[in-house]
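Okay, structure first, notes after.
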Amino acid sequence: MRVSERDLQFFRRDLSKDERDWLDPVRAGRQAFRKDCLSPWRAEQEAAALRHLAEEQSSQADGSPDPLAPRLLGQQGRHLWLEPLRGIRLYDLIRLLEACATQGSASTDTPSTTAVIEAVLERSRGRLQRLQRHLQVWQGPAGLHPYPLGRKVAGLVHLLSRLLELPTLEPELRQELRQLSQQWCSWAVLPFRDATSKNVLVLIPELDPEQGDPQRLAWLRQQLQAWPLLRWQQLPMRDVDFSSLLHSTVPEDDPISLLAHQRTLPYSPFSASALTLLPERHGIEPERAALGLLVRWLRFGGRKLAYRLLHPEACSLRFRHDNSLHYFTTMRSQIRLLDPGLEQRIPRLLERLEAIGLAFGHLHMDAALFSDAYIERFPHRRQLWQESPLVGTALLG
């Protein structure tokens, strides 16, 4: 595999999640969490969104005492200071509940792990609906521009094709990408929440990552025996990371991020109607939903593949519970489920995505032996983490 300077710079600028200087609640004495937003302008944008959500929720329009986001304590340059939280990401809660299911811990008179997962996922879905309704009336301090599909998607396809030594993109494929970008810009009407289950914290202190999986699994098995389903349906949550609100996106994008992630898809009602949380204003658009899935799944899977190829040390920690090939091997069937017409309009792109998945699947890379081109080029080590530092995860690196 040949790695160029251009490849590394694209990865660092567009895909890397390890460039920020975190100050987690442990280092800050659990007084606050300091988030590095990379620039003062980005910090102000995110702070404005958090203030807007707090104002919306305090109004009579919301009518719910359940906070949606962490409380903003202050801003200093490119840093935000947020209230510290203890708990577990929704992604990891589902992962641990699945592990409980394989151990057969629940008795016949207790909720099944599948019912519990569906309950907490539905709670998060309801919260996302409230978030989108609040954010649809917010345009940001400087206005929002459509998520740059042309640069994000085309750049990622180019990168993975080069790294896997596939042919350069043919003119027909480039034309498909241009047409998708034009269509996307006309449909991107809502602020981009980035609502993946990794950006939802379930506030159960006993499941803080510092406890470790064995202790958390033991505690969960006890609660599966003791808690009724109603308690799981009312778990306290916070939605975190509003840095994506630099852009607007299609209405189905955030529901796809939550409901159609590799970890959540088996428990989600997956259809165009289920993905649309604002039908009274935006209607149900299967083609738009299919395009949203294409973009979101390529970013989900493409980032993980790029990490595995360029920064395997970080990948082995950050994405150790993810199956990046899932998105490439099932992309076509899921797009067909939402809108068969889109499949017919982008044959070259879908063929290339399948070729990327096939080429990657043929590689046998041992992280201990495979060169980490990113560290070789940028030897300054950043903090690596598998779960969110917002909850005080021990930072490695």
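Residue numbers (this note's numbering): 1 to 397.
Even glycine gets a Cβ: it sits at the ideal position worked out from N, Cα and C.
Just so you know, these numbers come straight off a predicted model, no measurement behind them.
Beta-carbon spacing of Tyr374, Phe11 below 8 Å
As a position in the sequence shown, residue 374 is number 374, starting the count at 1. As a position in the sequence shown, residue 11 is number 11, starting the count at 1. A Cβ-Cβ contact shorter than 8 Å links Tyr374 with Phe11.
I'd like the span of the beta strand (DSSP E) that includes Gly237, first residue to last.
Counting from one through the sequence shown, the residue named residue 237 turns up at place 237. Contrary to the premise, residue 237 reads as Met rather than Gly in this sequence. Per DSSP, Met237 is one residue of the beta strand (DSSP E) stretching across 237-239.
Return the chain-ordered list of same chain residues with a C-beta closer than 6 Å to the C-beta of Arg6, the five sequence neighbours on each side being excluded.
Within the sequence shown, the letter at position 6 stands for residue 6. So the list is empty, once near-sequence residues are dropped.
How many angstroms separate the CA atom of Gln222 from the CA atom of Asp194?
To locate residue 222, count along the sequence shown from 1; it is residue 222. To locate residue 194, count along the sequence shown from 1; it is residue 194. Approximately 33 Å, taken between the alpha carbons.
Between Val202 and the rest of its own chain, which residues show a CB-CB distance below 8 Å, the 5 nearest in sequence each way excluded?
Here residue 202 refers to the residue found at position 202 of the sequence shown. Here the set comprises Gly87, Ile88, Arg89, Leu90, Leu93, Val120, Leu235, Pro236, Met237.
Helix, strand or coil for Trp227 per DSSP?
Sequence index remark: in the sequence shown, residue 227 carries index 227 (1-based). In this structure, Trp227 counts as coil in the three-state DSSP scheme.
In the DSSP assignment, find the unbroken beta strand (DSSP E) run with Thr402 in it and report its ends.
This structure does not reach residue 402, given that the chain is present from 1 up to 397, and the question cannot be answered.
If Tyr147 sits next to Ala101, beta carbons under 8 Å apart, how far is it from one beta carbon to the other, in whole angstroms?
Looking up residue 147 in the sequence shown gives position 147. Looking up residue 101 in the sequence shown gives position 101. That belief does not hold up - the Cβ atoms of Tyr147 and Ala101 are roughly 36 Å apart, past 8 Å.
Cβ of Leu166 within 8 Å of Cβ of Ile346?
Indexing the sequence shown from 1 puts residue 166 at position 166. Indexing the sequence shown from 1 puts residue 346 at position 346. No, the Cβ-Cβ distance between Leu166 and Ile346 is not below 8 Å.
Starting from Thr329, follow the alpha helix (DSSP H) in both directions and report where the run begins and ends.
Position 329 of the sequence shown, counted from the first residue, corresponds to residue 329. Taken as a continuous stretch (DSSP letters only), the alpha helix (DSSP H) holding Thr329 covers 325-338.
Considering only C-alpha positions, which residue in the set Asp14, Arg2, Asp18, Gln9 is nearest to Leu317?
In the sequence shown, the residue the question calls residue 317 occupies position 317. Among Asp14, Arg2, Asp18, Gln9, the Cα nearest to that of Leu317 is on Asp18.
Within 10 Å of its beta-carbon, does Glu170 have 16 or more other beta-carbons around it, so buried, or fewer, so exposed?
In the sequence shown, the residue the question calls residue 170 occupies position 170. Result: exposed.
With the cut-off set at 8 Å, would you say Pro191 and Ala48 are in Cβ contact?
For the purposes of this step, residue 191 is taken as residue 191 along the sequence shown, with counting starting at 1. For the purposes of this step, residue 48 is taken as residue 48 along the sequence shown, with counting starting at 1. Contact: no.
From the DSSP output, in three-state form, read off Phe11 for me.
For this step, residue 11 is matched to residue 11 along the sequence shown. Collapsing the DSSP output to three states places Phe11 in a helix.
Distance, Cα to Cα, Leu291 vs Leu353?
In the sequence shown, counting from the first residue as 1, residue 291 sits at position 291. In the sequence shown, counting from the first residue as 1, residue 353 sits at position 353. Leu353 has its alpha-carbon roughly 14 Å from the corresponding atom of Leu291.
Could you give the first and the last residue of the continuous alpha helix (DSSP H) run that contains His158?
For the purposes of this step, residue 158 is taken as residue 158 along the sequence shown, with counting starting at 1. DSSP places His158 inside the alpha helix (DSSP H), whose first and last residues are 149-163.
C-alpha gap between Gln31 and Pro84, whole angstroms
Residue 31 sits at position 31 when you count from the first residue of the sequence shown. Residue 84 sits at position 84 when you count from the first residue of the sequence shown. Distance between the alpha carbons of Gln31 and Pro84: 7 Å.
What whole-angstrom Cβ distance do Leu305 and Ser324 have, given they're in contact under 8 Å?
In the sequence shown, the residue the question calls residue 305 occupies position 305. In the sequence shown, the residue the question calls residue 324 occupies position 324. The pair is a contact, with the Cβ atoms about 5 Å apart (cut-off 8 Å).
Buried versus exposed, by CB contacts within 10 Å (16 or more), Ala289
Numbered from its first residue, the sequence shown carries residue 289 at position 289. Under this definition Ala289 is a buried residue.
Taking the alpha-carbon of Ser186 as reference, which of Thr196, Ser197, Thr249, Leu128 has the nearest alpha-carbon?
Sequence index remark: in the sequence shown, residue 186 carries index 186 (1-based). Distance from the Cα of Ser186 is smallest, within the candidate group Thr196, Ser197, Thr249, Leu128, for Thr249.
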